[in-house]
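Letter 121 of the sequence shown, counting from 1, is numbered 113 in this note's numbering, and no numbers are missing.
Each residue gets a CB set at the ideal place from its N, CA and C atoms; glycine is no exception.
If you're wondering where the values come from, they're calculated on a predicted model, not measured in any experiment.
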Amino acid sequence: MLESLAGLAAERGPLGIIGAALWPSPARPQVLVVTAKPEDWAQAMASRAEALARDAGYRPETRPFQPHITLARLGGASASPACVAALETAAHALHGAAMRFDSLSLFASRTPPDGPWFERLATVRLSGG
C-alpha cells in the first residue's frame, strides 16, 4: 500500500499552511494541528489511500479530507482564553508558509478507554519533490 502511495506522491509539491487549530473545537480540544490548503495532488493521494484501505478491508473514512500535521494530543484538557489567543497568533504567523515532506508513514490507531495512541507500522522515503 505504501509503495502505491509513494508513486503518486512523487508528483507532489509543497502544502501551503493555512494556520493552526484546536480540533474538534477550542471549547473541547483534543488535538493541536497545523492546517494546510487541500491541494489537488494531496486530495488525489488521499482518495487513492482511501481506495487502497477499502480494498484491504478497512472501513472508509467518513470525515472530509483535511490536510494537516498533528502537533500535540491534548488528552481532553480545556483550552483557556490565553491558549486560544496564543494559537490564533501562531496561526496568523504561519499563514502562507509551506510544508514539504520526504516520507510517508502508515500508522495504526489504537483506541482503548484510557485514550488513543498510534503505532507507526511502516515508512517509505519519497523521491523527487
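For residue i versus residue j, is the C-beta distance shorter than 8 Å?
{"i": "arginine 117", "j": "proline 6", "result": "no"}
{"i": "valine 25", "j": "leucine 66", "result": "no"}
{"i": "alanine 34", "j": "proline 56", "result": "no"}
Could you give the C-beta distance for residue i and residue j, rounded to a whole number, given that I count them as a contact under 8 Å?
{"i": "isoleucine 9", "j": "histidine 84", "result": "That pair is no contact at about 11 Å."}
{"i": "serine 95", "j": "leucine 44", "result": "Between leucine 44 and serine 95 the Cβ distance is about 17 Å, and since that is not below 8 Å, they are no contact."}
{"i": "alanine 71", "j": "proline 18", "result": "5 Å"}
{"i": "leucine 79", "j": "leucine 14", "result": "6 Å"}
{"i": "glutamate 42", "j": "glutamate 53", "result": "6 Å"}
Determine the DSSP secondary structure at residue i, reduced to helix, strand or coil.
{"i": "histidine 87", "result": "coil"}
{"i": "alanine 100", "result": "strand"}
{"i": "leucine 79", "result": "helix"}
{"i": "serine -4", "result": "helix"}
{"i": "alanine 123", "result": "What is shown of the chain runs -7 to 121, which leaves residue 123 out entirely."}
{"i": "alanine 71", "result": "coil"}
{"i": "arginine 65", "result": "strand"}
{"i": "glycine 5", "result": "coil"}
In angstroms with no decimal places, state the Cα-to-Cα distance between residue i and residue j.
{"i": "aspartate 140", "j": "proline 108", "result": "Because the chain is modelled from -7 through 121, residue 140 falls outside the range shown and cannot be assessed."}
{"i": "proline 16", "j": "cysteine 75", "result": "15 Å"}
{"i": "leucine 113", "j": "glycine 49", "result": "17 Å"}
{"i": "glutamine 81", "j": "aspartate 106", "result": "Before going on, a small fix: residue 81 reads as threonine here, not glutamine. Approximately 32 Å, taken between the alpha carbons."}
{"i": "alanine 77", "j": "alanine 12", "result": "11 Å"}
{"i": "alanine 90", "j": "methionine 37", "result": "18 Å"}
{"i": "serine 101", "j": "proline 73", "result": "30 Å"}
{"i": "proline 21", "j": "arginine 40", "result": "29 Å"}
{"i": "leucine 27", "j": "leucine 98", "result": "It should be noted that the sequence gives threonine, not leucine, for residue 27. In a straight line, the C-alpha of threonine 27 is about 19 Å away from that of leucine 98."}
{"i": "arginine 4", "j": "threonine 115", "result": "17 Å"}
Original post:
What are the complete beta strand (DSSP E) segments, minimum 3 residues, inside the segment 12 to 57?
Top reply: List check, beta strand (DSSP E) in window: 23 to 28.
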